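Enquirer: My structure is below; once you've seen it, I'll send some questions.
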Amino acid sequence: MTCCRSFGSNNFSGTLPPELGNLINLGLFYMDSCGLGGEIPSTFAKLINMKILYASDNPFSGKIPSFIGNWRKLTSLRFQGNSFEGPIPTSLSQLTSLESL
């Protein structure tokens, strides 16, 4: 499992690079208050080994991606403080390992 801890609490700008979706062994991704925004790239659907995703207090927008429901190893997900719109995807109900939302 790969861990990326260095994105949080930075002053980045722009959007998440779609290429990060190629890190298929990524299991922990901390990007709270990193400054990146826009929509979560569709390439993130490949991150099926994700266990923890912290993405709070950023200018993320659009809908919460339904593919997150396929991240069956996910135990913790933080999205507060963003600008997502629309309903919470029903696919999140498939996350039987989820402990914190």
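Take the position in the sequence shown, starting the count at 1, then add 81; the result is the number in this note's numbering. By construction, the Cβ of each residue, glycine as well, lies at the ideal position given by its N, Cα and C atoms. Quantities reported herein were computed from a predicted structural model and do not represent experimental measurements.
Under a Cβ-count criterion, where at least 16 other Cβ atoms within 10 Å of its own Cβ denotes burial, should L182 be classed as buried or exposed?
Expert: It is exposed - the Cβ of L182 has fewer than 16 other Cβ atoms within 10 Å.
Enquirer: Helix or strand or just coil, what does DSSP make of S164?
Expert: Here S164 sits in strand by DSSP.
Enquirer: Alpha carbons only, please: which of L101, S157, G167 is nearest the one belonging to S142?
Expert: Among L101, S157, G167, the Cα nearest to that of S142 belongs to G167.
Enquirer: Here's the rule: buried if 16 or more other CB atoms are within 10 angstroms of the residue's CB, otherwise exposed. What is I145?
Expert: Its Cβ being crowded by 16 or more others within 10 Å, I145 is buried.
Enquirer: What is the DSSP secondary structure of L182, reduced to helix, strand or coil?
Expert: L182 falls in the coil class under three-state DSSP.
Enquirer: Which residues in the same chain as R159 place their Cβ atom closer than 6 Å to its Cβ, once the five residues preceding and following it in sequence are excluded?
Expert: So the qualifying residues of the chain are Y135, S137.
Enquirer: Looking at the secondary structure, which residues open and close the beta strand (DSSP E) in which F110 lies?
Expert: That run of the beta strand (DSSP E) goes 107-111.
Enquirer: Under 9 Å between the Cβ atoms of K154 and S178?
Expert: Result yes, Cβ atoms of K154 and S178 sit closer than 9 Å.
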